[in-house]
Amino acid sequence: MIPVAWYLILSGVLFAVGLAGVLVRRNVLVIFMCVELMMNAVNISLVAFARSFTGVRFAGDAFVIFIITVAAAEAAVGLAIIVSMARQNDSIDADQIDLLKD
Amino acid sequence: MTAKDIESILWLVPAIPLAAALLNGLLGIVFLRSKAKKNLTPGQLTIRYATSFIGITAIVSALVVSIICLVFLIGQPAPKEATARPDEAKSAQLMTTGQAASTAKLAAPDLQTAQAEPENLRRVEVKEVYTWIASGDFQIKVGFLLDPLTAMMLVVVNTISLLVHIFSTGYMRDDNGFHRFYTYLPFFTFSMLMLVLANNFLILYVFWEAVGLSSYLLIGFWFSKKYDWGRLLPPAANVKAFVVNRVGDFGFGLGIMWIFVTMLGNVGSDYAKAHNITNGFDRLNYANVFGAFNEALKTNALGQTTLTLICLLLFMGAMGKSAQVPLHTWLPDAMAGPTPVSALIHAATMVTAGVYMVGRVSPLFGNSSSAMLIISIIGILTAFFGSTVGCTQKDIKAVMAYSTVSQLGYMFFALGVFGWVAAFFHLMTHAFFKGLLFLGCGSVIHANEEAIHEGFHEIKHNAEAWAKQRYPNDPAMAEEYAFELFEAAEQAIEYGVDKNSKDELLRMGLDPQSMDYMGNLFKGMPLTGFSMTIGAAALAGIPLTAGFFSKDDILGITFSRGADNGINYVIYAIGLFAAFLTAFYSFRMIFSVFYGKDFRLPAAMNRLAYEGMNRKAAELGIANFNPREIVNFVDGYASKTEAASSLTPIAVKENTPNMSFPLLFLAFMSIAAGYIGLPTAIVGEGNNFFESFMSSPFQTALTVKPLPREDAGTTIFLLILSGLIAIAGVTLAFVMYHQRRASLPERAGQLSGPLYAVSRYKWFWDELYNLIFIKAGLAFFNGLRLFDKYVIDGAVNGVGWLTRQSAQQLRKVQTGFFGNYALYMAIGLVAVVGLFYVLSGNKIF
């Protein structure tokens, strides 16, 4: 059996990649994709823990499926926001959006 | 006359002067507001003189009532000794009727239990004249207490006040504040009368302060004075008097509060229960306080230390009011007021308040021998201090002021050695002769000022004549030059010519109070000279004057108390030495003012006028100017044979009778007052009228510390000794200031060197206070100011600055770019994980 640490390392690497993407990229769409990436890194660790440490089957997996479902909904909302943003500003460059300041 | 009648008229004594003060104040405000005398209409002038008439009438009425009270008390039988047997006391009680019985019940000193208490008929207490504050069981009442001590004070205060009122009609004749003066004087008298009449500590304190207020108003009477020959100006002097008194009153107030707290505690509550006292405020009544304290001391409910501390706090107030070292500094500066006010302050109304208070509270003081010892030490120190300083002052009023300081010292050490009656005997005789000496000083100063003004007229007249002769063709120029020269001379005489000159005359101008420019005034003012000589004789203690008997009474008691405590012999010796100095300085004043060989005023005026006119002439460019052609003052008393037309005789003249009469009356009293208190040891027990009359208020104190009696032989020896001492002092003054005034005083000053400086500069008290309280105080408070500015304000402002700055920096964090926020979150995440990693001892995995 593959030790849980390997899954966690994978999860950590994926998370780090996603985080780096969120911090570095300017395209809101790419940032959004990176956020998905981070979420999935978490999903991986969740599944890995569930397999390794609980006797109950599908306990962790059920959570992950929930998360993916919610994430789908969230992706729909997020993409809708991005679309409306693009319509308003003619741009989806994160550096030009500072509405939070007001 | 029964006690009831006295009770019903007693309120008139303070009420009439108060009414006069209010009426005069009202008249002044309505009719005479801030108008100079020369601008008044005849009607207003009438009102102006009416104010003095109202004042005098009021004091006469108050005096008459006081004398009635005094005569009533003298007519009553003397109270029996406190150790009287109960049956005697009972029979005495039966004799009295109604009101008298009930008033006297509380009154008698409560050494014995209430039942055995002897009746004291020489004591009338009016418990409620007026209710000041009524609040349930706590009612603050103004009550009066009349006993021999009060009666004596009432008569003395009113007598001196009356004479001062009469004298002032002359002295203040041309003053623009005439009506204001006659508003303050009755008010001052009223305050002092209330102070001595009060029957409880709170009212005593209220009028203690009222006396301070009146003295403040009167010392600063000439508040617009700009130049006073180097003395402290009135607006500063009255503040000084007030502030120094405040130091003493701080202690006095604390003492009274302590008494009140004690009376509200167990000591007073037990007493109140035993004597049925329901009103909380009645616990401050003298009789109750003394009774409760005596009982508490007997049962040890009250410690000696507490009593001593209370007494010392009260004494602090007395030190301030009665100018005892080290709180005496205000009194000499209080000379800034008009001279009649000085007479009033020094003789009757202000400085005696401290002595009176210690006498009044004698049942407490008498139980604390350590407090008494401190009083006598302070007293003798003050007596010695005052007499040394008096020897070298040039200002005639300053001599008298330090003399008062010294004589008050005598009174206090008399109190300190349990010589209660002697202290008040001296207080009374001192009131007469010091009132006389001050009014005499006023008379001399007034006459001097008049003579100087006469001189101004002469200069003006002569300068005009001279200029007309010199410039016959140019009357306009002559008039101008005459005016300029006259003004220069006047300025020179009033203010001096050169502020940097070493010569005091040229620097300060002609001070009408300085004895340097007096001499031989007897020829011009025989009445003043005669009466002041008698006053000085009484002050010096020349045999058979009042001062001789009273001062010797004090010294004799101190000597006899030496058997009790060796330190009293030391006090006696210093007191005797101070008496010698007193005789010296009082006659130094008399000889240099009234006798001496030459009349010095003309020479001083000539010198200043010439100096001023010479300078002016040089400025105006008058060639060959000789001021002698204008004016040449000569002694107006000298034989007129050589009086050529170029000489201007100038003389000091006796004042009007309204100023001389009080002097003569007081001169009579300065002799006569001594004969009501001839030494007991000589005239026999009971024949010393003053002592047998006055001893009843002090019976409690006397019983605690019985006085050892001296035998007649010792008394006579002491009398002769102090008489010889006084005569020796006078003789020394005679040689120095009458026979060889030109050379000897200066030689003596040079010979004594630093001693002279110490005396001349008043032991450097003012300089010391300046250093300690003003300089060091200023430095300290300046430090505090800097602390406040930089540390306190720095902290407050620093917090503001920090908030502002940090907010300004932090503001930049809010960019609105969500990328940044994401970065912060990431950093936070890393930080949290890192923290866990560190906290869990590197064992996160």
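Protein sequences appear in the order of chains F and U.
Counting from 0, one number per residue, gives the positions in the first sequence under numbering that gives the first Met the number 0.
Counting from 0, one number per residue, gives the positions in the second sequence under numbering that gives the first Met the number 0.
Yeah, the Cβ is synthetic: ideal placement off N, Cα and C, and Gly gets one too.
Quick caveat, the model's predicted, so the values are computed rather than measured.
Quiz prompt | is_contact[residue 93(F), chain U] using C-beta, thresh 8 Å | solution = Indexing the first sequence from 1 puts residue 93(F) at position 94. Judged by the 8 Å Cβ criterion, residue 93(F) is in contact with chain U.
Exercise. Please check if any C-beta of chain U sits within less than 8 Å of the C-beta of residue 97(F).
Key: For the purposes of this step, residue 97(F) is taken as residue 98 along the first sequence, with counting starting at 1. With 8 Å as the cut-off, residue 97(F) counts as an interface residue toward chain U.
Quiz item: Taking the alpha-carbon positions, what's the residue 778(U) to residue 235(U) distance?
Solution: To locate residue 778(U), count along the second sequence from 1; it is residue 779. To locate residue 235(U), count along the second sequence from 1; it is residue 236. If you draw a straight line from the Cα of residue 778(U) to the Cα of residue 235(U), it is about 21 Å long.
Exercise. Just the C-alpha distance for residue 732(U) and residue 715(U), rounded to the nearest angstrom, thanks.
Key: The count along the second sequence starts at 1 and reaches residue 732(U) at position 733. The count along the second sequence starts at 1 and reaches residue 715(U) at position 716. The C-alpha of residue 732(U) lies about 26 Å from the C-alpha of residue 715(U).
Self-check item: Residues of its chain near residue 287(U), where Cβ-Cβ distance is below 8 Å and the 5 sequence neighbours each way are ignored
Solution: Residue 287(U) sits at position 288 when you count from the first residue of the second sequence. Only 105, 262, 267, 270, 271, 274, 276, 281 meet the Cβ criterion.
Practice problem: Throw me the rounded Cβ distance for the residue 29(F) and residue 17(F) pair, which I believe falls under 8 Å. | Solution: Stepping through the first sequence from its first residue, residue 29(F) is reached at position 30. Stepping through the first sequence from its first residue, residue 17(F) is reached at position 18. About 11 Å; that fails the 8 Å criterion.
Quiz item: At which residues does the alpha helix (DSSP H) containing residue 208(U) begin and terminate?
Solution: By one-based count along the second sequence, residue 208(U) stands at place 209. From DSSP, the alpha helix (DSSP H) with residue 208(U) extends over 200-218.
Quiz prompt | CB of residue 128(U) within 8 Å of CB of residue 145(U), strictly | solution = The residue labelled residue 128(U) in the question sits at position 129 within the second sequence. The residue labelled residue 145(U) in the question sits at position 146 within the second sequence. Between residue 128(U) and residue 145(U), the CB-CB gap reaches or exceeds 8 Å.
Quiz item: Is it true that the CB of residue 248(U) sits closer than 8 Å to the CB of residue 316(U)?
Solution: Mapped onto the second sequence, residue 316(U) falls at position 317. Mapped onto the second sequence, residue 248(U) falls at position 249. Less than 8 Å separates the beta-carbon of residue 316(U) from that of residue 248(U).
Quiz item: Leaving out the 5 sequence neighbours to the left and right, which residues in its chain are closer than 8 Å to residue 13(U) when beta-carbon positions are compared?
Solution: Mapped onto the second sequence, residue 13(U) falls at position 14. Leaving aside the five residues that flank residue 13(U) on each side, the residues in its chain whose CB is nearer than 8 Å to its CB run, in chain order, 61, 189, 192, 193, 196.
Quiz item: In chain order, what residues of the same chain lie with their CB nearer than 8 Å to the CB of residue 657(U), ignoring the 5 residues before and after it?
Solution: Position 658 of the second sequence, counted from the first residue, corresponds to residue 657(U). Cβ within range, chain order: 165, 166, 168, 169.
Quiz prompt | Contact set between residue 815(U) and chain F, taken where Cβ atoms lie within less than 9 Å | solution = The count along the second sequence starts at 1 and reaches residue 815(U) at position 816. In chain order: 96, 97, 98, 99, 100, 101.
Quiz item: When you compare only the Cα positions, how much space is there between residue 412(U) and residue 676(U)?
Solution: Walking along the second sequence from the start, residue 412(U) turns up at place 413. Walking along the second sequence from the start, residue 676(U) turns up at place 677. Distance between the alpha carbons of residue 412(U) and residue 676(U): 19 Å.
Self-check item: DSSP bridge partner residues for residue 648(U) (one or two, in chain order)
Solution: The residue you call residue 648(U) lines up with position 649 of the second sequence. DSSP lists 633(U) as partners of residue 648(U).
Exercise. Can you give me the start and stop residues for the beta strand (DSSP E) that residue 868(U) sits inside?
Key: Outside the displayed range of chain U (0 to 844) lies residue 868(U), so it cannot be described from this structure.
Quiz item: Can a CB atom of chain F be found closer than 8 Å to the CB of residue 822(U)?
Solution: Residue 822(U) sits at position 823 when you count from the first residue of the second sequence. At a cut-off of 8 Å, the C-beta of residue 822(U) has a neighbouring C-beta in chain F.
Quiz item: List, in order along the chain, the chain U residues whose C-beta lies closer than 7 Å to that of residue 78(F)?
Solution: Numbered from its first residue, the first sequence carries residue 78(F) at position 79. In chain order: nothing, as chain U lies at least about 16 Å away.
Quiz item: According to DSSP, what are the bridge partners of residue 60(F)?
Solution: Numbered from 1 along the first sequence, position 61 holds the residue referred to as residue 60(F). According to DSSP, which records beta bridges pairwise, residue 60(F) is partnered with nothing at all.
Quiz item: residue 222(U): which of 233(U), 719(U), 607(U), 596(U) sits nearest, CA to CA?
Solution: In the second sequence, residue 222(U) corresponds to position 223, counting from 1. In this structure, 233(U) is the residue among 233(U), 719(U), 607(U), 596(U) with its C-alpha nearest to the C-alpha of residue 222(U).
Practice problem: List the residues of chain F whose Cβ lies closer than 7 Å to the Cβ of residue 825(U), in chain order. | Solution: One-based indexing of the second sequence puts residue 825(U) at position 826. Within 7 Å Cβ-Cβ: 18, 22.
Self-check item: C-alpha distance - residue 511(U) paired with residue 488(U), whole-angstrom precision
Solution: The residue labelled residue 511(U) in the question sits at position 512 within the second sequence. The residue labelled residue 488(U) in the question sits at position 489 within the second sequence. Whole-angstrom Cα-Cα distance: 16 Å.
Exercise. Provide the residue span of the alpha helix (DSSP H) that contains residue 156(U), from first to last.
Key: Within the second sequence, residue 156(U) is the residue found at index 157, counting from 1. Per DSSP, residue 156(U) is one residue of the alpha helix (DSSP H) stretching across 147-170.
Quiz item: What are the boundary residues of the beta strand (DSSP E) that residue 742(U) is part of?
Solution: Position 743 of the second sequence, counted from the first residue, corresponds to residue 742(U). Where residue 742(U) is concerned, there is no enclosing beta strand (DSSP E), given that its DSSP letter is neither H nor E.
Quiz item: Got a sec: is the Cβ-Cβ distance from residue 833(U) to anything in chain F below 8 Å?
Solution: Start at 1 with the first residue of the second sequence, and residue 833(U) comes out as number 834. False, the Cβ-Cβ gap to chain F never drops below 8 Å.
Exercise. Please name the residue in 807(U), 750(U), 148(U), 126(U) whose C-alpha comes closest to that of residue 138(U).
Key: By 1-based counting over the second sequence, the position of residue 138(U) is 139. Ranking 807(U), 750(U), 148(U), 126(U) by CA distance to the CA of residue 138(U) puts 126(U) first.
Exercise. Decide if residue 452(U) is buried, meaning its Cβ has at least 16 other Cβ atoms within 10 Å, or exposed.
Key: For the purposes of this step, residue 452(U) is taken as the residue at position 453 of the second sequence. Residue 452(U) comes out exposed.
Exercise. Please list the segments of the alpha helix (DSSP H) lying wholly inside the segment 487-559 of chain U, counting only runs of 4 or more residues, in order along the chain.
Key: 503-507, 525-539, all fully within the segment 487-559 of chain U.
Self-check item: Same chain only: Cβ atoms within 6 Å of residue 585(U), ignoring 5 sequence neighbours per side
Solution: As a position in the second sequence, residue 585(U) is number 586, starting the count at 1. Same-chain partners within the cutoff: 535, 538, 539.
Quiz item: What's the C-alpha gap between residue 422(U) and residue 318(U)?
Solution: Taking the first residue of the second sequence as position 1, residue 422(U) is located at position 423. Taking the first residue of the second sequence as position 1, residue 318(U) is located at position 319. Taking the Cα positions, residue 422(U) is about 15 Å away from residue 318(U).
Quiz item: Using 8 Å as the Cβ pair cut-off and three pairs as the minimum, do the segment 364-372 of chain U and the segment 389-402 of chain U touch?
Solution: Touching, no.
Practice problem: Given a cut-off of 8 Å, decide if residue 464(U) and residue 610(U) are closer than it, judged by their beta-carbon atoms. | Solution: Within the second sequence, the letter at position 611 stands for residue 610(U). Within the second sequence, the letter at position 465 stands for residue 464(U). Between residue 610(U) and residue 464(U), the gap from beta carbon to beta carbon reaches 8 Å or more.
Quiz prompt | Contacts around residue 211(U), its chain only, beta-carbon distance under 6 Å, and the 5 residues preceding and following it disregarded | solution = Stepping through the second sequence from its first residue, residue 211(U) is reached at position 212. Sequence-distant partners of residue 211(U) (beyond 5 residues in either direction) whose C-beta falls short of 6 Å from its own C-beta, in its chain, are 244.
Quiz prompt | Beta-carbon separation (whole angstroms), residue 156(U) vs residue 347(U), contact threshold 8 Å | solution = In the second sequence, the residue the question calls residue 156(U) occupies position 157. In the second sequence, the residue the question calls residue 347(U) occupies position 348. With a contact defined as Cβ atoms closer than 8 Å, residue 156(U) and residue 347(U) qualify at about 5 Å.
Quiz item: Quick one: Cα of residue 379(U) to Cα of residue 408(U), how far?
Solution: For the purposes of this step, residue 379(U) is identified with residue 380 of the second sequence, where counting begins at 1. For the purposes of this step, residue 408(U) is identified with residue 409 of the second sequence, where counting begins at 1. Distance between the alpha carbons of residue 379(U) and residue 408(U): 6 Å.
Quiz item: If we count Cβ pairs, one from each stretch, closer than 8 Å, do we get three or more for the segment 511-523 of chain U versus the segment 553-569 of chain U?
Solution: In the pairwise beta carbon analysis, the segment 511-523 of chain U is classified as not touching the segment 553-569 of chain U: fewer than three pairs are separated by under 8 Å.
Quiz item: Leaving out five residues before and five after residue 204(U) in sequence, what residues of the same chain have Cβ atoms less than 6 Å from its Cβ?
Solution: For the purposes of this step, residue 204(U) is taken as the residue at position 205 of the second sequence. Annotation for residue 204(U): 255 place their beta carbon closer than 6 Å to its own, counting only its chain and skipping 5 residues before and after.
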